DNA sequence: AAGTCGTTCAACCGCGTGACG
DNA sequence: ACGTCACGCGGTTGAACGACT
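Right under this line is the structure:
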């Protein structure tokens with residue numbers, strides 16, 4: 001049994017919003033607030049479902065939404081947060097004032113994912129080359145120390161830097177709309193939340209093991225990238241000098 | 001000029017979850 | 001305890017547009 005889509009009810013409009021519909025929605029919310037989304041379209045006189053109205057408002061019409069391209073800092077933040085949180089777009093959006101989960105998701109799929117994949121590939125190629133190099137050295141020198149440590153510190157650094165953007169897909173600074181709909185330029189105001197990483201660590205990582213010993217066991221099975229993030233989570237204050 | 005392909009992004013859909021009766 | 005409702009989230013779609021042939 002499949003639930004019928006909410007917009008399939010007779011007479012409800014789907015597809016792109018018109019300017020008139022936007023005005024009606026904005027005016028109504030400015031006057032009465034959104035209250036009950038389901039009741040809103042009827043009260044406002046819109047032939048849309050409440051879900052569609054909510055989406056339009058939260059993703060496009062809200063006055064505090066930043067319009068324009070993402071800054072390098074924002075992209076960097078998204079990459080770092082995605083590495084930590086995965087596809088939890090709303091959680092990521094909560095760390096980027098003025099940006100919506102939908103927008104972030106789109107940017108990730110269209111720009112950032114590719115960039116991270118490319119960087120990962122480069123990293124793996126680099127690791128492979130280093131491993132080959134080490135094996136060759138092993139053959140010639142038969143050094144026991146080289147076999148116990150397959151990757152050099154330099155490679156580890158390279159891998160951990162894969163989250164650093166090579167270049168923003170746009171160097172244009174962000175803009176934000178005010179209550180009047182006017183557009184103004186903004187700097188990047190990225191405030192940090194002290195509890196944030198603690199929260200991530202406690203919920204995302206520490207839940208995977210119950211004892212400290214288990215934690216170290218988990219740590220020892222990680223690759224370099226995982227180890228980097230593990231360090232970030234466990235020693236966040238020390239390592240997060242590169243800011244979040 | 002016309003057709004094809006790839007990219008972008010607004011919008012939709014289905015599901016999970018919390019509030020409430 | 002259970003059912004219903006409303007909302008929010010993440011995945012997916014499709015129209016619009018530009019680049020390329």
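Numbering (full-length UniProt numbering), first residue to last: 1 to 244. Yeah, the Cβ is synthetic: ideal placement off N, Cα and C, and Gly gets one too. Remember, it's a predicted structure, so these values are computed and weren't measured experimentally.
Fill in: Three-state secondary structure assigned by DSSP to residue 66
strand
Item to complete: Output the boundary residues of the alpha helix (DSSP H) element that contains residue 100.
Response: Residue 100 -> no alpha helix (DSSP H), and no H or E assigned at all.
Discussion item. Below 8 Å on the Cβ atoms is my contact criterion, and I expect residue 45 with residue 24 to pass it. Report the Cβ-Cβ distance as a whole number of Å.
Written reply: 6 Å
Worksheet item: What's the C-alpha gap between residue 88 and residue 53?
Response: 23 Å
Worksheet item: Closest to residue 33 by CA distance: which of 110, 62 and 19 is it?
Response: 62
Worksheet item: Going by the C-beta, is residue 48 closer than 7 Å to any heavy atom of the ligand HEM?
Response: The ligand HEM is not part of the structure shown, which contains no ligands of any sort.
Discussion item. Using only CA atoms, which one of 73, 12, 97 and 15 lies nearest to residue 112?
Written reply: When each option's Cα is compared against that of residue 112, the closest is 73.
Worksheet entry | Whether residue 96 touches residue 77 by CB criterion (8 Å) | yes
Worksheet item: Can you round the beta-carbon distance between residue 70 and residue 107 to whole angstroms, since I take them to be within the 8 Å contact cut?
Response: 6 Å
Practice prompt. Could you please give the first and the last residue of the uninterrupted alpha helix (DSSP H) stretch that includes residue 89?
Written response: Boundaries of the alpha helix (DSSP H) around residue 89: 89-94.
Item to complete: For residue 37, I'd like the list of residues in its chain whose CB is within less than 8 Å of its CB, leaving aside the five on either flank, ordered along the chain.
Response: Taking residue 37 as the centre and dropping the five residues before and after it, the same chain places the C-beta of 50, 51, 53 and 54 closer than 8 Å to its C-beta, in chain order.
Worksheet item: In whole angstroms, what is the alpha-carbon distance linking residue 12 and residue 81?
Response: Approximately 38 Å, taken between the alpha carbons.
Worksheet item: Which residues bound the alpha helix (DSSP H) around residue 32?
Response: Boundaries of the alpha helix (DSSP H) around residue 32: 19-32.
Discussion item. Quick check: residue 246 and residue 47, are their CB atoms within less than 8 Å of each other?
Written reply: The structure shown has nothing for residue 246, since the chain only spans 1 to 244.
Discussion item. Just to check my reading of the structure: residue 93 and residue 104 have Cβ atoms closer than 8 Å, yes? What is that Cβ distance to the nearest angstrom?
Written reply: Sure, about 5 Å apart at Cβ, within 8 Å.
Item to complete: Report buried or exposed for residue 127, applying the criterion of at least 16 other Cβ atoms within 10 angstroms of its Cβ.
Response: By the Cβ-count criterion, residue 127 is buried, with 16 or more other Cβ atoms from all chains shown falling within 10 Å of its own Cβ.
Worksheet item: Between residue 42 and residue 75, what straight-line distance do the alpha-carbon atoms span, to the nearest angstrom?
Response: When rounded, the distance between both Cα atoms is 39 Å.
Discussion item. If distances are taken between C-alpha atoms only, which option among 59, 109 and 130 comes closest to residue 283?
Written reply: The requested residue 283 is not part of the displayed model; the chain covers only 1 to 244.
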